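Heads up: the sequence shown begins at 1 in the UniProt record's numbering, then just goes up one per residue.
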Amino acid sequence: MKYEGLVELTVTGSIADFETHTDQLMDALLTLEDLIDPDVGGNLAEGRMDITMTIEADTIPDAAFKSLSAVRTAIHAAGGATAGWEHLIQKMTAEARQLADA
1 MKYEGLVELT VTGSIADFET HTDQLMDALL TLEDLIDPDV GGNLAEGRMD ITMTIEADTI
61 PDAAFKSLSA VRTAIHAAGG ATAGWEHLIQ KMTAEARQLA DA
């Protein structure tokens, strides 16, 4: 089944290069084969990135996990770090909703 995934991230530290990092993250997401139509938006004032994508998965939890994994992979590919991710992931949320059949 196809699901829409949403991951919200807050950039820590300086947001001076926020737009550059957003572009780098988008470029990295586009290289991932399991994602359909990824998109990155955000709020510069809050340092927040909103990452959406369509993924194929069997269940909503699987879709949320795939969304988070894809974002982490893209962050690393863009030269970012996810130190402490294993602790943050317990507090981070990802949303997924099943898409209607086309």
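All C-beta atoms, glycine included, are put in the ideal place defined by N, C-alpha and C. All values derive from a computational prediction rather than experimental measurement.
- Per DSSP, the unbroken beta strand (DSSP E) holding V7 starts and ends at 2-10.
- In the DSSP assignment, V40 is bridged to I51.
- Under the DSSP assignment, D27 falls in the alpha helix (DSSP H) whose first and last residues are 18-30.
- Shown here, L99 sits in coil according to DSSP, grouped into three states, outside any helix or strand.
- Taking a contact as a CB-CB distance under 8 Å, the pair A74 and L32 counts as one, their CB atoms being some 7 Å apart.
- Of the candidates F18, M49, G80, R72, M49 places its Cα closest to the Cα of L9.
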